[in-house]
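Undergrad:
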Amino acid sequence: MAPEPHQRASQRATARAAAPSQRPTGPARAGGPGRDTDEFARLMQRNTVDVRQTGTRKRRNPVVGKIALGLAVVSAAVDASAFAVFMGGDTNFAFGICFVVVFLTLIAAVLGFVAAVGAFGRWYGAIGVVVAFFANPVILIVILVFVAPEVLTDMGA
Numbered sequence: 011m012a013p014e015p016h017q018r019a020s021q022r023a024t025a026r027a028a029a030p031s032q033r034p035t036g037p038a039r040a041g042g043p044g045r046d047t048d049e050f051a052r053l054m055q056r057n058t059v060d061v062r063q064t065g066t067r068k069r070r071n072p073v074v075g076k077i078a079l080g081l082a083v084v085s086a087a088v089d090a091s092a093f094a095v096f097m098g099g100d101t102n103f104a105f106g107i108c109f110v111v112v113f114l115t116l117i118a119a120v121l122g123f124v125a126a127v128g129a130f131g132r133w134y135g136a137i138g139v140v141v142a143f144f145a146n147p148v149i150l151i152v153i154l155v156f157v158a159p160e161v162l163t164d165m166g167a
């Protein structure tokens with residue numbers, strides 16, 4: 011009875027492994043400049059790639075995401091201090107602080123987005139975007155108008 015095709019292939023592979031290799035070495039072996047034909051031929055014969063020699067993925071530095079999160083937290087703290095100044099009665103100074111906080115949160119959101127998309131500290135960047143969004147004074151006023159409009163009417167008096 012004749013062996014199956016896949017059995018014949020495995021028998022050839024074991025016979026080839028048992029026989030000593032008669033391949034030429036040195037310059038006679040090379041198929042061209044800079045080519046490792048031995049490795050290429052082995053991969054073509056096996057119809058696969060060698061997964062043992064995979065390249066290790068280099069982790070990117072999460073410093074951009076951390077900066078975005080830090081800027082968002084700082085802008086939230088400065089926004090809280092602007093609210094305290096506003097409650098103290100100095101509306102012009104509070105408006106100036108809020109103007110600065112708007113740009114701080116904008117920078118934090120852009121850095122957080124870059125970090126989240128570019129894998130420079132994905133989670134730090136994503137959390138930084140969310141914190142920057144809610145620390146923005148314009149967003150806080152819009153939320154306050156929709157949630158509790160009576161608070162805004164009492165602030166002006």
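One point on numbering: in this note's numbering, the residue at position 25 of the sequence shown is 35, and numbering is uninterrupted. Even for Gly, the Cβ is constructed at its ideal location relative to N, Cα and C. It should be emphasised that the depicted structure is a prediction, and the values quoted were computed from it without experimental measurement.
Where does the unbroken alpha helix (DSSP H) through K68 begin, and where does it stop?
TA: From DSSP, K68 is part of no alpha helix (DSSP H); its letter is neither H nor E.
Undergrad: Under the three-state reduction of DSSP, which class applies to N102: helix, strand or coil?
TA: Helix.
Undergrad: With the cut-off set at 8 Å, would you say N146 and T101 are in Cβ contact?
TA: no
Undergrad: Considering A129, what are the terminal residues of the alpha helix (DSSP H) in which it resides?
TA: Segment: none, A129 is in no alpha helix (DSSP H) and carries neither H nor E.
Undergrad: Report all residues from its chain with a CB closer than 7 Å to the CB of P72; omit the five preceding and five following residues, and keep chain order.
TA: F130, G131, Y134
Undergrad: Have a look at G99 and C108 and give me their C-alpha separation to the nearest angstrom.
TA: 15 Å
Undergrad: For the alpha helix (DSSP H) that contains P72, what are its first and last residues?
TA: Where P72 is concerned, there is no enclosing alpha helix (DSSP H), given that its DSSP letter is neither H nor E.
Undergrad: Am I right that A119 and V139 are in contact with their C-beta atoms under 8 Å? What's the rounded C-beta distance?
TA: A119 to V139, Cβ: 5 Å. Contact.
Undergrad: Using the Cα positions of G41 and K68, report the straight-line distance between them to the nearest angstrom.
TA: Residue placement at G41 is flagged as unreliable, the pLDDT there being 49, under the threshold of 50; a coordinate-derived value is accordingly withheld.
Undergrad: Check A92 in the structure and name its three-state DSSP category.
TA: helix
Undergrad: Report all residues from its chain with a CB closer than 7 Å to the CB of F143; omit the five preceding and five following residues, and keep chain order.
TA: A119, I149
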